[in-house]
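Here the structure is laid out as structure tokens; the discussion comes afterwards.
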Amino acid sequence: MVDEKIIIASSASVALLIAYCFNCLWSAIFYIGLVRLLLFYSSVAHFINKFFIRKRLNLIKRYGDGSYALVTGGANGIGLEYAIQLAEAGFNIIILDLSDELLQKAKEKILEKAPKADVVMKVRNLCEMTKQEHYEEFMDEVKEYDISVLVNNAGVADYHQFHETTPASVSRTIQVNAIAVLGFTRMFYTKFMNREKKGGIINMASGVGLASNSLVPIYPSTKAFVKYLTEGLQEECKGKIDLLYIYPGAVTTSATAFRVAPDSTTPDVIARNALNSLGQDGYNAGYWLHDIFCSQVEAMFYCNRELYRFVEDAAVEKTGLGKDLRNIAKDQDKKNK
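Everything in the sequence shown is counted per our numbering, starting at 260 for the first residue and increasing by one.
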């Protein structure tokens, strides 16, 4: 017969063990919740500071008085705003775009805002810069200028569904949005690593590059490449090059082909927030509302793909974006004929 005292002691021990486990469990839940709460408050504080409080660094002092900023696709839209704001900050400007006519108009707009800036125009079709020697030739052409900032802004979009794309349109999108970005980044990355002062590189990604897109699969894929390329280089060049990627949502420009989205912003806002982040962040959406929206989209995409697809389909149906993109694709086809 088992001693009654032993049974009582064993029962008490089991009860204490269960109570201890429950206590540990609740403590763990509490501390995990506390950590998550602190992380949330920290992210909110960083968000407010990034978009509404902190000041821009003195970029011309950081990268060198009298130095030049090179902006690809700098004749209009976001690229032109980068050029104007960098000129206002004290930089001389090199703008690269498709034609003399576009560049001349852009130069006049830049000089209206910053009359003391030296504005150099370079005509290039990035679709034709397919080989290493093309970038070497360009570097030789601009070797007389002390270039300290590169803005890889030029980009194109093909709004066809994948089965409607042509090899030429796919090649063009990949060439301009990915290969040219890689080519210029590689050239100036090497140059800036050997430069006495720091250098800065801004690569334009996109909010649609944060998650796969069933409407226009090629364009987001090239922008995802820009994001991961930039992130992959940031640690290696830390302390020598300020490397930043921007991932905006809808931006309203004179070239915007589809109707304005409720959360759209303007090129000057994107350029301003990008330059405010240069040297202080590794990435920025370019607009506070896009930052909130893009972070939710990315979290949804990686945590629950089914929910992401449901929300994507509902948004496309409600806004009519799919129809807009199909109409743009038809217009592109007419222009290319």
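Every residue gets a Cβ at the ideal spot worked out from N, C-alpha and C, and that includes glycine.
- Cβ contact annotation for T481 (same chain, cutoff 7 Å, sequence separation greater than five): T432, I433, N436 and A437, in chain order.
- Under DSSP, the beta-bridge partners assigned to V330 are I354 and V410.
- Following the DSSP letters along the chain, one finds L345 inside the alpha helix (DSSP H) bounded by residues G336 to E347.
- For I551, the closest C-alpha among the options F306, S301 and C283 is that of F306.
- Beta-bridge annotation (DSSP): D324 is not paired with any residue.
- Between the C-alpha atoms of I500 and L474 there is a straight-line separation of about 36 Å.
- Secondary structure at K375: coil, using DSSP grouped into helix, strand and coil.
- Contact check for G349 and I319: beta-carbon distance about 4 Å, within the 8 Å limit, so the pair qualifies.
- Counting only unbroken stretches of 3 or more residues, the beta strand (DSSP E) elements lying wholly within the segment 441-512 are 458-463 and 500-505, in sequence order.
- For L548, the enclosing alpha helix (DSSP H) stretches over residues W547 to C562.
- Cβ neighbours of N412 within its own chain (closer than 7 Å, five residues either side excluded): V330, T331, G332, G333, I337, G338, Y341 and M463.
- In this structure, L345 places its C-beta atom within 9 Å of the C-beta atom of V408.
- Taking 9 Å as the cut-off, the beta carbon of L357 is found closer than this to the beta carbon of R383.
- Beta-bridge annotation (DSSP): N543 is paired with I505.
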